[in-house]
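Student: Before I ask anything, let me first share the structure, which is written out below as structure tokens.
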Amino acid sequence: MMVSDFELENITDERMARLALSYAVPVQNELTQYFLSHGGAVRALRIAADEEAAPGVNPKRVGMWLQYFENYDPATVARGFDLAQEHDLQMLIPGYQDWPTGIPTFGDLAPYALWVKGARPELLTREITERATITGARAASGRGMYDADQLAVGLALRDVTVVATSAPGIARAALTGAVGGPSGAIAVMPHGLDDPNAHTPNGFFDSVAENGMLLSETPPGWPEARDTMLGQRRLIASLSAVTTVVESGTRGEPVTAALIAKSLNRVIGAVEGPEDAAGSLGPNMLLDQHEATPITDSVSIVHALSTYARKHSLPDPVSDRPNGSLQTARTALPEHLQRTSLSADVEQRPTRSP
1 MMVSDFELEN
11 ITDERMARLA
21 LSYAVPVQNE
31 LTQYFLSHGG
41 AVRALRIAAD
51 EEAAPGVNPK
61 RVGMWLQYFE
71 NYDPATVARG
81 FDLAQEHDLQ
91 MLIPGYQDWP
101 TGIPTFGDLA
111 PYALWVKGAR
121 PELLTREITE
131 RATITGARAA
141 SGRGMYDADQ
151 LAVGLALRDV
161 TVVATSAPGI
171 ARAALTGAVG
181 GPSGAIAVMP
191 HGLDDPNAHT
201 PNGFFDSVAE
211 NGMLLSETPP
221 GWPEARDTML
231 GQRRLIASLS
241 AVTTVVESGT
251 RGEPVTAALI
261 AKSLNRVIGA
271 VEGPEDAAGS
281 LGPNMLLDQH
291 EATPITDSVS
301 IVHALSTYAR
311 KHSLPDPVSD
321 RPNGSLQTAR
331 TALPEHLQRT
341 SLSADVEQRP
351 TRSP
């Protein structure tokens, strides 16, 4: 497409209009969401181009919103469109068949668009009771890393897809535990998917994509920012029926994700730890103050998924799906993926010393 095709006044397609909005306006902008819910993205751009009015909206609010478009660059959007094609990225918008289950299609929490890449697009449309989010500190302890890996391996054995951010520490350990399993993994990133290995030069996320999916709310070519980091936490909370925090401070990103999950009426789980350990402060607070479910092993998460499924009449990961065999599933994968996870021999999490 030509750069001129991305001039505001030339965009007439809903999908391309949402692409333009993704480059122009920060995620989760309230007025943008209002325009999307009352006329769609093309009409929002007509307002931005001063071709239509915004009846019922305070003119001062509209004026502030229009400031986002003062630096709008159609060449940047055109470059993003080319990057998506170059790196085999699929753009999804609400209402499309492959829009991930659990992620809102309208309202304040709905993304303008999503970008995905990977060999397992069916993982995105599984029920939220067939996915579980594992999150935790970046500067994790060795015990926390072990816990995250073993939780993920156990979930893989039961055909539950693991969802995590791309951050180092607990999230990366969870992805490592799940990447070679039959149910794959979904890694949610705060930056564009055109360079998924920007902070992991060993190509780790290429391996995740080979047996799972990469997902981002951030358009191609765009770096992570404060708003995209918050969007990342919102997405991992939305994608699963259960979000488990392994290690975190009381105000850390993982606790924020858990509280978002709670606001969505999802289950939050927490791995209890010693009171004098900094990484235990967040999980212990969730257990004490936010009715978090105690998580001791992957069976705890599966039971929480099952309880949620029965309550909401969704597929039950316990009764509706047979137990998977990680070793059997790995034989159908490339050899380097078969070796990705740590040993799956230990399923029960060892008891912590008080």
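Its first residue numbered 1, the sequence shown is counted upward by one per residue in the UniProt record's numbering.
C-beta atoms are modelled at their ideal positions from N, C-alpha and C, and glycine is treated no differently.
Quick caveat, the model's predicted, so the values are computed rather than measured.
So the candidates are Arg-120, Ile-103, Thr-307, Ala-152; which of them puts its Cα closest to the Cα of Ser-298?
Tutor: Ala-152
Student: Could you tell me the boundaries of the alpha helix (DSSP H) in which Val-299 lies?
Tutor: 298-312
Student: When the Cα atoms are used, what is the spatial distance from Gly-142 to Phe-35?
Tutor: 47 angstroms
Student: Pick out whichever of Ile-134, Pro-168, Pro-317 has its Cα sitting closest to the Cα of Ser-238.
Tutor: Ile-134
Student: Whose C-alpha, out of Asn-71, Leu-31, Gln-67, is nearest the C-alpha of Glu-7?
Tutor: Asn-71
Student: What are the partner residues of Pro-223, as DSSP defines its beta bridges?
Tutor: DSSP, once it has assigned bridges, lists no residue as partnering Pro-223.
Student: Nearest-angstrom Cα distance between Met-2 and Gln-85?
Tutor: 14 angstroms
Student: Grab me the residues of Leu-314's own chain with a C-beta within less than 8 angstroms of its C-beta, minus the 5 sequence neighbours each way, in chain order.
Tutor: Glu-127, Ile-128, Thr-129, Ala-241, Tyr-308
Student: Just the C-alpha distance for Ala-225 and Pro-274, rounded to the nearest angstrom, thanks.
Tutor: 33 angstroms
Student: With 16 as the cutoff for other CB atoms within 10 Å, does His-191 come out buried or exposed?
Tutor: buried
Student: Can you tell me whether DSSP reads Thr-176 as helix, strand or coil?
Tutor: The answer is helix: DSSP assigns Thr-176 an H, G or I state.
Student: Under the assumption that Asp-93 contacts Leu-235 (Cβ atoms under 8 angstroms), give the Cβ distance between them as a whole number of angstroms.
Tutor: The displayed chain sequence assigns Ile, not Asp, to residue 93. Incorrect: roughly 15 angstroms between the Cβ atoms, too far for contact.
Student: Can you tell me which of Thr-296, Pro-317, His-312, Asp-316 puts its alpha carbon nearest to the alpha carbon of Gln-150?
Tutor: Of the candidates Thr-296, Pro-317, His-312, Asp-316, the one whose C-alpha sits nearest the C-alpha of Gln-150 is Thr-296.
Student: Hey, which unbroken runs of the alpha helix (DSSP H) at 4 residues or more fall wholly within the region 49-86?
Tutor: 59-66, 74-86
Student: Three-state secondary structure (DSSP) at Met-1?
Tutor: It is coil, neither helix nor strand.
Student: Expressed to the nearest angstrom, what Euclidean distance is found between the alpha-carbon atoms of Phe-205 and Leu-193?
Tutor: Approximately 10 angstroms, taken between the alpha carbons.
Student: Using a Cβ-Cβ cut-off of 6 angstroms (strictly less than) and excluding sequence neighbours within five positions of Trp-65, which residues of its own chain qualify?
Tutor: Leu-31
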